[in-house]
Structures are given as structure tokens and as C-alpha cells.
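Numbering (UniProt numbering), first residue to last: 1 to 206.
Below, the structure written as C-alpha cells:
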């Protein structure tokens, strides 16, 4: 490559004539060739790892095939069921009327699936520098979700569904301005939902 460039410029220095178009063409070809060579060397470099963000999916949703929207819908349905049942029962308490309830849940249902435990042991003999030997055991454990066939599809075997914990309850009701009635409301909600009293807020209704 260097010889070619020296030859071109030596030919130009020996002549006083203006540069001919063919020299510009040759210089252009040399530039293109240098670019191609540099690209070839760049391809040999290790490629950088690209990281892509994906929405997080819980393990229970991944195993059951449940989407995030379905989990939210189930949680809202459960909260609405709690609210309706509590409103019905609270309005039956003496001195309570027009009770309205809002229940805040911690998360969606936690589903427990049957799993198979696969364990194994691998023993290797190692020799040290003094000629002695020792045995090294490597224990491995892995779990796999048990799948059952339903028609043409396979679904994980559901063992138990744990309802989400209640984070807090808010109640507005007529009659709640009386301390005894307010205490009854808190006691009733705490017993039904197994919620500590400090997570229950009761306010009188206009």
C-alpha cells in the first residue's frame, strides 16, 4: 500500500503538469480500500452486550400463565367482595347506618404449585501436591413445577391459594361519632379480616 502511494506521488513530482483525473480516481479507490480494511478489523472486536428492560413478572404469574392485568382484576374483585360484605354486616350493628367501606390489599393472590425435587450428588477424587487424595462431594438440588394435562394444554398443579393480606381498612358511617359504636366497628373488622386495630380507620359520616 505504501509503495503504491509513493509511486503515485513520485510520478506527480517528476511532472509539472496538472493532476490528471485518473490520479483522483486512484486516490479515491485507496481511501475506500482503507475504510474497508478498518471495518474488517472492527468486526473482530468483541461485541458489547445489550441490556433490554422487560416488565417484571412474578414467579407465580409466570408458572400459571397469568398476566399482570388478570392479577389486578382478581385483586380488585376480592377487595370489592370484602367491602360489600362488610358494609352489609356493619349496617346491621345497632347505631350504625349508611356504612361505606374501602379495603386496601397488599398484593394479589399467592398461588402455591406442586413441585418435584430433583437432587443429585457428584463425587470427585482430588490429589494434592504431597500425593494424598481426598474426595469432594458436590450436592445439587433443583425443583420443577408439576404439570397436568387439561385437554391439549398442560397447566401447573395448583396446591393452595393464599389470599393477600389486608393493608388497611377505611370506614365512614353514621353513628361512628359515638365511642362505643366506633369500637364495635373496629372490633368487627379486626375479627373478620384478622387486621390489627391500628390499620382500621373509622370516621363519622355527615
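From the three backbone atoms N, C-alpha and C, an ideal C-beta is built for every residue, glycine too.
Going by beta carbons, residue 186 and residue 201 fall outside the 7 Å limit. Short of 6 Å from the beta carbon of residue 106, and not among the five residues preceding or following it, lie these beta carbons of its own chain, in chain order: 164, 165 and 167.
Here DSSP, grouped into helix, strand and coil, assigns residue 132 to coil. The C-beta of residue 182 has 16 or more other C-beta atoms within 10 Å across all chains shown, which makes the residue buried. The C-beta separation of residue 114 from residue 100 comes to about 41 Å, leaving the pair out of contact by the 8 Å criterion.
No Cβ-Cβ contact shorter than 7 Å links residue 142 with residue 122. For residue 175, the number of other beta carbons within 10 angstroms of its own is at least 16, and it is reported as buried. Leaving aside the five residues that flank residue 154 on each side, the residues in its chain whose CB is nearer than 8 Å to its CB run, in chain order, 147 and 148. Secondary structure in the region 124-187: the beta strand (DSSP E) runs of 3 residues or longer, each lying completely within the stretch, are 133-145, 147-150, 153-156, 158-162 and 166-174 in chain order.
In the three-state reduction of the DSSP assignment, residue 83 falls in the helix class, which pools H, G and I. Between residue 102 and residue 77 a beta carbon distance of about 15 Å is seen, past the 8 Å cut, so the two are scored as non-contacting.
Contact between residue 188 and residue 89 holds: CB atoms are separated by about 7 Å, below the 8 Å threshold. In the DSSP assignment, the residues bridged to residue 115 are 145. DSSP places residue 97 in the uninterrupted beta strand (DSSP E) bounded by 97-105. Boundaries for residue 195: no beta strand (DSSP E) harbours it, and the DSSP string shows neither H nor E there. DSSP, reduced to helix, strand and coil, places residue 77 within a helical segment of the structure shown.
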